[in-house]
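Inspection log for the structure reproduced underneath, given as structure tokens.
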Amino acid sequence: MRIAVLSDIHGFSLAFQTVLDDLERSGPFDEVIVAGDLCEVGPDPAGVLTLLRRHPEFTVLTGNTDRDLVEDAGTSGSNGGERFVLAQIGEDGVAYLANLVFSRRITPPGGTPPSDDLLAVHANPHNLEDKLTPEMSDRALREVIGDARAAVITFGHHHVAFERRLDGMLLVDVSAVGNPKDGDLRCKYGVFTWDETAGTWSVEQRRLPYPLGETEDQIRSSGLPDPDKTIRKLRQASY
8 MRIAVLSDIH GFSLAFQTVL DDLERSGPFD EVIVAGDLCE VGPDPAGVLT LLRRHPEFTV
68 LTGNTDRDLV EDAGTSGSNG GERFVLAQIG EDGVAYLANL VFSRRITPPG GTPPSDDLLA
128 VHANPHNLED KLTPEMSDRA LREVIGDARA AVITFGHHHV AFERRLDGML LVDVSAVGNP
188 KDGDLRCKYG VFTWDETAGT WSVEQRRLPY PLGETEDQIR SSGLPDPDKT IRKLRQASY
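Per my numbering: the sequence shown = residues 8 to 246.
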């Protein structure tokens, strides 16, 4: 069994297309999971949703910015970036975001739930806000994870790729498709492979060249508020 997990597209449709092309080359996959934060930040939120609709077989989860867009729809939005997104995606796009699910749990062939499961979420198993980061102590990680159990818990939200073993579980942040923050401006996603004989999951963190020049052109022509700031933060690839 092979599962691809990607997260945090954030309106960067050209980066998303880069990952889609790589999925096509490196597949097939038993499932592709998109772990939320689809539209806000980048220049082409509507294009991201168009690409997702071409893949109804994907499992798409909600992220904190997706939730916020749904909550603020019908208002003036909480900021210029949010107003830009809502105008681009329209009521149909908001309805798409409103129907996203919180998590996806997969019990692999021959596996025993929950100890052999892969659990995909946006930020953590309980909410869309609290981060799991590589700097956190084991105790701090346990406080966020709570009573959730799986062989693998995979997520995005923090935009920093890392792997960490904790209490028999593998924690994997697959970073971000659209705007990674780990100092490495490459489009990122994870491939999880279940070995039924061994009864174990392995992970490959995929890193792809970012279409930076084309994305900068897209940002400048999109009408996105403060395009220079968006370009500067994208190039920085860190917090």
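From the three backbone atoms N, C-alpha and C, an ideal C-beta is built for every residue, glycine too.
**OP:** Inspect the beta-carbon positions of residue 241 and residue 178 and report whether they are closer than 8 Å.
**Re:** Counting from 1 along the sequence shown, the entry for residue 241 is found at position 234. Counting from 1 along the sequence shown, the entry for residue 178 is found at position 171. No; because the gap between Cβ atoms is not below 8 Å, this pair is not in contact.
**OP:** Have a look at 119, 157 and 96 and flag the residue whose alpha-carbon is nearest the alpha-carbon of residue 18.
**Re:** Locating residue 18 in the sequence shown gives position 11, where the first residue counts as 1. Comparing Cα-Cα distances from residue 18 to each of 119, 157 and 96, the minimum goes to 96.
Original post:
What is the DSSP secondary structure of residue 23, counted as helix, strand or coil?
Top reply: Your numbering for residue 23 matches position 16 in the sequence shown. It is helical.
Original post:
Looking only at DSSP bridge pairs, what is residue 180 linked to?
Top reply: As a working mapping, residue 180 is identified with position 173 in the sequence shown. Residue 180 is bridged to 162 and 169.
**OP:** Please classify residue 214: does DSSP put it in a helix, a strand, or coil?
**Re:** Along the sequence shown, one-based indexing puts residue 214 at 207. It is a strand residue.
Original post:
Going by the CB atoms, is the gap between residue 46 and residue 92 shorter than 8 Å?
Top reply: Against the sequence shown, residue 92 aligns to sequence position 85. Against the sequence shown, residue 46 aligns to sequence position 39. Their beta carbons are under 8 Å apart, which means residue 92 touches residue 46 by this criterion.
Original post:
Excluding the five sequence neighbours on either side, which residues of its own chain have a C-beta within less than 6 Å of the C-beta of residue 171, listed in chain order?
Top reply: Numbered from 1 along the sequence shown, position 164 holds the residue referred to as residue 171. Contacts found: 178.
Subject >> Best match in 216, 166, 159 and 154 for proximity to residue 2 [C-alpha to C-alpha] >> reply: Examination of residue 2 is not possible in this model, given that the chain is present from 8 through 246 alone.
Original post:
residue 155 to residue 227, Cα distance in whole Å?
Top reply: For the purposes of this step, residue 155 is taken as residue 148 along the sequence shown, with counting starting at 1. For the purposes of this step, residue 227 is taken as residue 220 along the sequence shown, with counting starting at 1. Rounded to the nearest angstrom, the two C-alpha atoms are 43 Å apart.
Original post:
Does the distance from the CB of residue 76 to the CB of residue 101 come in under 8 Å?
Top reply: Position 69 of the sequence shown, counted from the start, is the residue given in the question as residue 76. Position 94 of the sequence shown, counted from the start, is the residue given in the question as residue 101. For residue 76 and residue 101, yes; Cβs fall inside 8 Å.
Original post:
What residue does the alpha helix (DSSP H) around residue 101 start on, and which one ends it?
Top reply: Mapped onto the sequence shown, residue 101 falls at position 94. Where residue 101 is concerned, the enclosing alpha helix (DSSP H) stretches over 87–105.
Original post:
Counting Cβ pairs, one atom from each stretch, are 3 or more of them under 8 Å apart for the stretch 111–127 and the stretch 185–204?
Top reply: yes
**OP:** Check residue 112 in the structure and name its three-state DSSP category.
**Re:** Sequence index remark: in the sequence shown, residue 112 carries index 105 (1-based). Three-state DSSP puts residue 112 in a strand.
Subject >> Selection from 230, 153, 224 and 197 that minimises the alpha carbon distance to residue 33 >> reply: The residue labelled residue 33 in the question sits at position 26 within the sequence shown. Of the candidates 230, 153, 224 and 197, the one whose C-alpha sits nearest the C-alpha of residue 33 is 197.
Original post:
Shortest alpha-carbon distance to residue 159 belongs to which of 120, 146 and 187?
Top reply: By one-based count along the sequence shown, residue 159 stands at place 152. Closest by alpha carbon: 120.
Original post:
Does the count of Cβ pairs from the stretch 215–234 and the stretch 130–147 closer than 8 Å reach three?
Top reply: no
Original post:
So what does residue 13 bridge to, in DSSP terms?
Top reply: Numbered from 1 along the sequence shown, position 6 holds the residue referred to as residue 13. For residue 13, which the question treats as bridged, DSSP gives the partners 41.
**OP:** Starting from residue 68, follow its DSSP beta bridges and name the residues at the other end.
**Re:** Taking the sequence shown and counting its residues from 1, the one referred to as residue 68 is at position 61. 108, per the DSSP bridge assignment.
**OP:** List the endpoints of the continuous alpha helix (DSSP H) containing residue 4.
**Re:** No answer is possible for residue 4: it lies beyond the span of the chain, which begins at 8 and ends at 246.
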